[in-house]
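Residue numbers (UniProt numbering): 1 to 1103.
See the structure below:
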């Protein structure tokens, strides 16, 4: 004993030779210094060098090498050690009650004020952080107290332990609430589930002569009770007891029996096939799935499969079973399903034993989204052939295996957590996980013989390492055979604030087999065992609770048990049912409101108000501080919800985007950046959730719990509204959305508007749209949808910014949850569809400048020769502009609308070819038949060639050659009436085969595109002007030509002349016969006059 004491004390007083030398030496030196200081004395060496040297003589040493001072110190140390052992090792309860004296014994009485108003039972549970908060700022004092606390727990006897926890346990008092069902027959509560909104849901099953009675009883947090009959489910034998668990936040999972294919089998009243069902809070049976077709020997008389387990974990559930019970029952199997009852996968494990059987097993969800399966096996090894006289050896082992999150695949190979060669059998009472990252605990019972059993708590890690094996004292004994009708069933409940509760009742699993006549003096009891996390039994109560259904726990550490009324046995009144609530102690009080012992603080803080709304991306950073060192597990996420619109999270932040910093050995901070669209509504309540298992302990790599909904709440502050005009935004949907638009575009657009108004959020009436479009070019399979956002609060520009954030980050935002918004193209975002004229202002200015230049040229031409046909200048500019823009449109935009590409090419190439050939034909024929034109042509063949080529755009370009625009003499080609008619006819044909089709193409393009650009716009404008000019101009010309359809080539009164021209620098001359009216024209055209300059003469003779 003394060795153990010295070992423990050495952790407090770490001296190798004398455990208490440090305290006494320090105390003595402190008093010595005080004495010298108060009496203004000096130490002997203080006078060195001051001329007044004083040397203290040495004390004489005794034969043992010690002087008087040393002996005095030893006596004090010895007396203090005896005092410490008497009062702190052998805990002095009377001294504890006088806590100031208890502190004085540790020479820490100066910290009395830090603990005013506190009981020693509370103080003894303080950790380093709490001591610092209380005002014990000195590190040495805190360490000394913590070591003494640890020593206290190690040596405190049972009586002190009970006193220590009495202030917390409240003697496990039970409150009973009873009610009576209005039906006849046997009734029982099949199970219960609690939810995050603090509601309790019970399922009541009755098997009477008139059929099955099934009802859901919901007790809301405000005390309101809602009853819903579930006859429509068509379950012949109701819900199997103890298979109920919450799934997907507000739904419940349960098992039941039915016939094949979900139909009642009239030939088999037991309906043996096992099914799973999922129902919502309104009592609607949402999903069902066949789990297994059972054999007769696997169920009891009420259709209850006692060898199967059904357990949910967030949004998945597992069905664990084995098919055969007997000498070869060594295979355990499981199936995994999602929260819509879709099969995910299955697995199994075959035990490598010759003869053996699984005797018990237990399945529990893990914080990372997986499952723990533990099972006990009794294996019998046959006698060796060489010595058949030896008895077969029996070996009992307990195995455990962890499954991957949301998968049926084994995360670890099955490993042994307990083994015994002396036990008759090992039963698993219950398994549960730690809420503070200390691994998992299984409560086992080793049955040694018919009268003796030993219970254990096995603490192990998910890595397979056995952390601790603790023998526990409990009155819970299971001596029944595996999966028998009389199975003594146990429920293990991990408590929110540390510790475990074991609840046992012989009626829980197979209640009807125990309902046999008993005398009025018999009371069926349940056993409640409350344990600390280390396996210490704190309290054990035998209670008059007829525990038949299930057990569930609220987040405030209140446990609910279901069963019959306590007095059911007096009159066998099975219509009176009860719930039993137990307020359990909190072994740790420092959860700081997060309902998670591992979290220290956060930003925003709990229920903090006036938080700035997020305005830029990224800008707002939220953080969460954990106690100790933690690491990211690589799984889970952080989600932000709007409290009044929390069907879907506004933002989901996966583990890879979470920043983690170990600030010191005591704290770890995780932080994330939010999008501007996350907290975008002023004066609005939000809350944040953290997935279980998102972080794990650095030391043990064990998952830690997260933060549940509606716990981490905060409110944004009021913000000024900035007015903005209506904004047009363009959305693009990927090809998967096309069938929805083609099937019913109006309904699809309505759904899109509803989802956008929900996810932004914004008033539905502020969103408007009329038509959808195909996107342009190679991305034609995408859908474009313009959305108009009208002015209001929030501002239109803010909503567009948020919408762009939500779409570009749709894999993390609520947009991925919409039936139509899930198809939005995240790469495209939500660009603002700006005003066309503002967007293309520069190009429009350039076009305006070009028009002004044409106008200036027209005015200049009029000034120079006002009698000329100067309108040809803007006419020629319009024709060339139209042709140029047509070419640009074909090159840049003709593929935007695929079905317009080929027509655009056809109605560009074919008209140009026709115009060119027609123009060449006119020039050639005119030159052959019109000598005047031939003379002009010879003099201006370059100009004629140029305009012939330009006439390929429009035959009417040839008319410019005789317009004399701007007084240019070269533009006075003497066209004949025939040529004029040909030009008119060619332009009329071009109007039909070129101008009209191109105008139609431009109109179709405008109607089929949502993003209209400057080139198609200008092309449509010029085409419109050409059409208008052609209609008006050709109408007038047609009237003129057909009114004067014939005009003689030579007037009777005109005289003919013969002209001979000698050209300068050339030996050639020209000779032609022309009429009198042309003489002036030719003379003026070439600047020649009779009797001109040398070598440049023109001779005109009358004929």
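For glycine and all other residues, C-beta sits at the position ideal for the given N, C-alpha and C.
Per-residue DSSP class, three states only, for residue i
i, result
"residue 620", "coil"
"residue 414", "coil"
"residue 236", "coil"
"residue 242", "coil"
"residue 174", "strand"
"residue 769", "coil"
"residue 1021", "helix"
"residue 537", "strand"
"residue 858", "helix"
"residue 639", "strand"
"residue 195", "coil"
"residue 583", "strand"
"residue 407", "coil"
"residue 679", "coil"
"residue 393", "strand"
"residue 424", "coil"
Integer Cβ distance of residue i from residue j, believed to fall under 8 Å
i, j, result
"residue 886", "residue 972", "Their Cβ separation, rounded to whole angstroms, is 30 Å, which puts residue 886 and residue 972 out of contact at 8 Å."
"residue 281", "residue 218", "7 Å"
"residue 344", "residue 407", "7 Å"
"residue 594", "residue 736", "Incorrect: roughly 41 Å between the Cβ atoms, too far for contact."
"residue 670", "residue 623", "7 Å"
"residue 251", "residue 228", "The Cβ separation is near 14 Å, so there is no contact."
"residue 501", "residue 584", "6 Å"
"residue 418", "residue 458", "5 Å"
"residue 689", "residue 672", "Actually they do not touch by this definition, with Cβ atoms about 13 Å apart."
"residue 423", "residue 446", "4 Å"
Extent of the continuous alpha helix (DSSP H) to which residue i belongs
i, result
"residue 631", "Here residue 631 belongs to no alpha helix (DSSP H); instead the beta strand (DSSP E) covers 630-632."
"residue 838", "836-839"
"residue 128", "128-134"
"residue 797", "796-808"
"residue 752", "745-759"
"residue 885", "872-892"
"residue 105", "99-105"
"residue 1002", "996-1007"
Alpha carbon of residue i to alpha carbon of residue j, nearest angstrom
i, j, result
"residue 828", "residue 729", "11 Å"
"residue 128", "residue 348", "46 Å"
"residue 757", "residue 797", "15 Å"
"residue 821", "residue 676", "19 Å"
"residue 1008", "residue 901", "13 Å"
"residue 100", "residue 361", "51 Å"
"residue 350", "residue 695", "33 Å"
"residue 363", "residue 433", "11 Å"
"residue 1004", "residue 906", "16 Å"
"residue 665", "residue 599", "15 Å"
"residue 356", "residue 810", "54 Å"
"residue 371", "residue 195", "20 Å"
"residue 613", "residue 755", "22 Å"
"residue 654", "residue 637", "4 Å"
Beta strand (DSSP E) segment containing residue i, residue limits
i, result
"residue 697", "695-697"
"residue 654", "651-654"
"residue 667", "667-673"
"residue 786", "783-789"
"residue 737", "Counting along the chain, residue 737 falls outside any beta strand (DSSP E), and DSSP gives it neither H nor E."
"residue 277", "273-279"
"residue 119", "Per DSSP, residue 119 belongs to no beta strand (DSSP E) and is neither H nor E."
"residue 338", "331-338"
"residue 309", "309-313"
"residue 563", "558-564"
* Asked: Which full runs of the beta strand (DSSP E) of 3+ residues lie inside the region 428-468, going along the chain?
  -> 440-447 and 453-460
Point to revise | Whole runs of the alpha helix (DSSP H) within the region 912-986, excluding any shorter than 4 residues | key: 931-939 and 941-950
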